[in-house]
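Chains as they are written, first to last, in the numbering used here: chain A, 1 to 156; chain B, 1001 to 1156. Even for Gly, the Cβ is constructed at its ideal location relative to N, Cα and C. Model, not experiment: these values are computed from the prediction.
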DNA sequence: AGAGCAATATTGAACCTTCAATCATCCCTT
DNA sequence: AAGGGATGATTGAAGGTTCAATATTGCTCT
């Protein structure tokens, strides 16, 4: 009888190095973007992403479930986040006409203004800290890899 | 007189696509790894990383500040996390002989056993969900980019 | 030596996320 | 049309993270 738990294929040194760089860069980048945006505009990056999706939707309105899907949040998390933003007057919730279970979420003018104020800060940060460190080829590779990972995990 | 706030260089469509893929893949990947590891070994990925660093250190011991640096956590966050793990008996804190301000953190045998149990689960997940989606060239590019981003943000 | 400043680590409160439970509505099947 | 399961959204509690304040010790300069 041999061991029951088969050894996994461990990461080779190159993979380990890449994985740690990825983890570290992630945390540092997110922390930096979040802090900067919050300081200069009072929004978190998570809030910002919610606003972006709403602002792109027809009538600046989306159902909670669609919004949750787009920003990759759990429903519960989105409910809490939207509750806070609604209290701040940046969006409103309305009954969904087609489906009585549904709730529509609409960006208010104040919310749109907040987004417009935040956008330059955020984009400048993303460019400076991430895209300025890459050439076009890097961007293509990163995008392709992440798109593959995302798609696969989504339909798992 | 012209506008005071200069327009930032916005992201072009390729960059925007890459950025969103990156954000989404990040969240999905982290969520998946965290949930799987927690279910099968009771550890979060954050805990796991702490254990990895301690296990690699001489005498399985590091100072809090060094550990915080290595896992890219704030000191406060690490204090709370280590407090929980100490209560669980997976590590212990000791006075630092050289520097009375310092605190040494040492992985216990129970902690090392927990790490050994968790490692195959974690590595399998990372491989399956991330590295199996990349070829060697992708790994090199991702590693190089993230290393650059990390280094730059660290000494900012 | 001692004053003043920097670094180490912790604390508690506020805040956010996660998780399981709940309620209402819709859809499918018979 | 009624039962039963799936879907949409929310709730509250538990747990984790962040932030500002604090205490302690070390370092430097005169």
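- The count of Cβ pairs closer than 8 angstroms, one atom from the stretch 1068 to 1075 of chain B and one from the stretch 21 to 37 of chain A, reaches three, so the stretches are in contact.
- In the DSSP assignment, the residues bridged to residue 1093 of chain B are B:1105.
- About 25 angstroms separates the Cβ atoms of residue 1151 of chain B and residue 1105 of chain B, ruling out a contact at the 8 angstroms cut-off.
- For the stretch 120 to 142 of chain A, the set of positions with a beta-carbon nearer than 7 angstroms to some beta-carbon of chain B reads 120, 123, 124, 126, 127, 129, 130, 131, 133, 134, 138, 139, 141 and 142 in chain order.
- Following the DSSP letters along the chain, one finds residue 1040 of chain B in no beta strand (DSSP E) but inside the alpha helix (DSSP H) bounded by residues 1013 to 1041.
- Among the CB atoms of chain B, one or more fall inside 8 angstroms of the CB of residue 11 of chain A.
- Assignment of beta-bridge partners to residue 61 of chain A by DSSP yields A:106.
- For the stretch 1011 to 1040 of chain B, the beta-carbon criterion of a distance under 7 angstroms to any beta-carbon of chain A is satisfied by 1011, 1014, 1015, 1017, 1018, 1019, 1021, 1022, 1024, 1025, 1026, 1027, 1028, 1029 and 1032.
- Using a 10 angstroms sphere on the CB of residue 10 of chain A, the tally of other CB atoms stays under 16, which defines it as exposed.
- Within 8 angstroms of the CB of residue 1152 of chain B, the CB atoms of chain A belong to 129 and 133, in sequence order along the chain.
- A straight-line Cα-Cα distance of about 41 angstroms links residue 59 of chain A and residue 1156 of chain B.
- If the five residues before and after residue 1094 of chain B are omitted, its C-beta is found closer than 6 angstroms to the C-beta atoms of 1104, all from its own chain and listed in chain order.
- Per DSSP, the continuous alpha helix (DSSP H) segment holding residue 1146 of chain B begins and ends at 1136 to 1154.
- Residue 1046 of chain B sits away from residue 1118 of chain B, with the two beta carbons spaced by 8 angstroms or more.
- Check the Cα spacing between residue 1102 of chain B and each of B:1065, B:1080, B:1147 and B:1136: the tightest is with B:1065.
- In this structure, residue 1145 of chain B sits near residue 134 of chain A, with a CB-CB distance shorter than 8 angstroms.
- Between the C-alpha atoms of residue 132 of chain A and residue 96 of chain A there is a straight-line separation of about 43 angstroms.
- The residues 1107, 1112 and 1115, in chain order, have a CB closer than 7 angstroms to that of residue 1055 of chain B in the same chain once the five nearest residues on each side in sequence are set aside.
- If you compare the alpha carbons of B:1125, B:1148 and B:1147 with that of residue 1037 of chain B, the shortest gap goes to B:1125.
- Sequence-distant Cβ neighbours of residue 1092 of chain B in its own chain, meaning closer than 7 angstroms and more than five residues away, are 1086, 1106 and 1108.
- Within chain A, the residues whose beta carbon sits less than 7 angstroms from that of residue 1149 of chain B are 25, 29, 129, 130 and 133, listed in sequence order.
- The C-beta of residue 122 of chain A has 16 or more other C-beta atoms within 10 Å across all chains shown, which makes the residue buried.
- Scanning B:1127, B:1025, B:1050 and B:1063 for the CA closest to the CA of residue 70 of chain A turns up B:1025.
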